[in-house]
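Enquirer: The structure under discussion is supplied below as structure tokens; questions concerning it will follow.
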Amino acid sequence: MQTSQAWTPVRWAAHGDVRLAFDRLTGDDRGEPLLLITGLGVSRLWWPQGLSEAFGAGGFAVARYDQRDAGQSTRLPATTARSPVAALFGRRGAAYTAEDMADDAIAVMDALGWESAHLFGVSLGGAIAQRVAVRHPGRVRTLTTMSAVPGDAAGLETIRYVRLSTLVRLSRLKYPDTVEGDIESGVAVARLISSPGYPFDERSTREAITRIADAGVRDARSQSRQIGAQWHGPPISTIKAPTLVLHGEGDPLIRLSAARRIAARIPGARLRILPGVGHELPEPVWETIVGEVLGLQS
1 MQTSQAWTPV
11 RWAAHGDVRL
21 AFDRLTGDDR
31 GEPLLLITGL
41 GVSRLWWPQG
51 LSEAFGAGGF
61 AVARYDQRDA
71 GQSTRLPATT
81 ARSPVAALFG
91 RRGAAYTAED
101 MADDAIAVMD
111 ALGWESAHLF
121 GVSLGGAIAQ
131 RVAVRHPGRV
141 RTLTTMSAVP
151 GDAAGLETIR
161 YVRLSTLVRL
171 SRLKYPDTVE
181 GDIESGVAVA
191 RLISSPGYPF
201 DERSTREAIT
211 RIADAGVRDA
221 RSQSRQIGAQ
231 WHGPPISTIK
241 APTLVLHGEG
251 DPLIRLSAAR
261 RIAARIPGAR
271 LRILPGVGHE
281 LPEPVWETIV
291 GEVLGLQS
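For the sequence shown, the positions run 1 to 298 when full-length UniProt numbering is used.
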């Protein structure tokens with residue numbers, strides 16, 4: 001999580017009627033292009049500033065964007081599903097497809113002028129990154145997927161990889177529709193997905209979330225539309241890009257079996273399990289993560 005001080009002013013990419021907000025880390029823009037893809041419901045501002053800067057120091061030109069139904073990007077009309085849990089169990093009334101969300105990433109790359117890029121997706125963003133690599137193989141230099149389910153998992157199959165008790169707890173968080181509610185819900189979510197191997201620093205977490213004040217963490221309707229988007233394309237076993245699969249050993253939301261399944265099915269994929277890490281990107285592992293992603297280019 002971070003402020004926007006080290007980022008360019010927001011720009012917009014168009015995918016049909018959907019407008020996608022994105023920005024770039026300031027600095028040398030001649031580095032290897034790296035697109036960061038966020039998780040369920042949250043804005044691009046949740047990417048840790050220090051990790052983004054570490055990627056920049058490692059030789060990457062870094063960009064990030066808000067998925068549809070998140071942050072400053074277009075919100076779609078409501079569907080029948082009122083919560084992510086309901087959407088997972090099929091009562092979704094899908095507003096769009098997983099292919100649409102994958103093509104959003106390509107629209108952002110087009111707006112950036114990038115013919116191809118390295119992709120790094122976390123949680124839902126990891127599944128989207130996999131789908132981009134399947135659907136647009138020539139646009140993906142390397143693929144890193146973290147804390148994600150297999151990108152071709154469909155419908156109820158997804159449930160085998162999700163800790164429903166945590167998802168239910170997340171869906172039951174209720175806070176008022178105010179800036180204060182956004183902050184309190186953000187802190188509660190951060191606490192639920194935190195890393196068991198590293199102390200949860202509520203003070204710094206609250207300070208960071210106060211700067212963000214992102215309503216996406218409590219927007220169950222938007223999250224339902226995102227999680228309800230179904231994949232109809234080829235399997236992830238067709239991915240050709242060099243692939244890194246990262247997963248926290250203590251992830252309270254997505255089971256480790258998901259990472260093992262992804263790594264087993266993508267030819268040549270490398271699996272790296274991060275001890276003590278939950279469903280987040282804690283500072284002590286930033287150097288490890290950057291080193292692993294750089295290693296994909298060798």
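C-beta: ideal position from N, C-alpha, C; glycine also.
Specify, as a first and last residue, the run of the beta strand (DSSP E) that Thr-142 falls within.
Expert: Unbroken beta strand (DSSP E) run through Thr-142: 140 to 146.
Enquirer: I'd like the list of long-range same chain contacts for Pro-9, defined as Cβ closer than 6 Å, with 5 residues on each side in sequence excluded.
Expert: Counting only Cβ-Cβ distances below 6 Å, and skipping sequence neighbours, we find nothing.
Enquirer: In terms of alpha-carbon separation, which member of Val-162, Ala-133, Leu-88 and Gly-155 lies closest to Ser-123?
Expert: The residue with the shortest Cα to Cα distance from Ser-123 is Val-162.
Enquirer: What's the gap between the Cα of Gly-291 and the Cα of Ile-273?
Expert: For Gly-291 and Ile-273, the distance between alpha carbons rounds to 14 Å.
Enquirer: Would Gly-31 and Gly-59 qualify as a contact pair, given that the criterion is a beta-carbon distance under 8 Å?
Expert: A contact, by the Cβ cut-off of 8 Å.
Enquirer: Given that a residue counts as buried once 16 or more other Cβ atoms are within 10 Å of its Cβ, and exposed if not, what is Leu-167?
Expert: It counts as buried.
Enquirer: Run the CB neighbour count on Ala-190, radius 10 Å, all protein chains shown included, and call it buried at 16 or more, exposed below.
Expert: Label assigned to Ala-190: buried.
Enquirer: In whole angstroms, what separates the C-alpha of His-15 from that of Met-101?
Expert: Approximately 10 Å, taken between the alpha carbons.
Enquirer: For Leu-156 and Gly-228, what's the separation of their Cα atoms in angstroms?
Expert: If you take the alpha carbons of Leu-156 and Gly-228, they lie about 11 Å apart.
Enquirer: So Trp-12 is in the beta strand (DSSP E); what residue range does that whole segment cover?
Expert: Trp-12 -> beta strand (DSSP E) spans 11 to 15.
Enquirer: Helix or strand or just coil, what does DSSP make of Trp-7?
Expert: Looking at Trp-7 - three-state DSSP - the assignment turns out to be strand.
Enquirer: Quick check on the burial criterion: 16 or more other C-beta atoms within 10 angstroms. Buried or exposed for Gln-67?
Expert: Buried: at least 16 other Cβ atoms inside 10 Å.
Enquirer: Restricting to Cα atoms, I'd like to know which of Ala-13, Ala-21 and Phe-55 is closest to Ile-289.
Expert: Of the candidates Ala-13, Ala-21 and Phe-55, the one whose C-alpha sits nearest the C-alpha of Ile-289 is Phe-55.
Enquirer: For Gly-197, which residues from the same chain have a beta carbon less than 7 Å from its beta carbon, with the 5 sequence-adjacent residues on both sides left out?
Expert: Taken in chain order, the residues that qualify are Gly-250, Pro-275, Gly-276 and Val-277.
Enquirer: Hey, would you say Glu-99 sits closer than 8 Å to Arg-75, going by beta carbons?
Expert: Taking 8 Å as the Cβ cut-off, Glu-99 and Arg-75 do not qualify as a contacting pair.
Enquirer: Measure how close the beta-carbons of Ala-129 and Thr-145 come, nearest whole angstrom, since I'm counting them as under 8 Å.
Expert: Right, their Cβ atoms sit about 5 Å apart.
Enquirer: So the candidates are Leu-173, Ser-185 and Phe-120; which of them puts its Cα closest to the Cα of Ser-147?
Expert: Here the closest residue by C-alpha is Phe-120.
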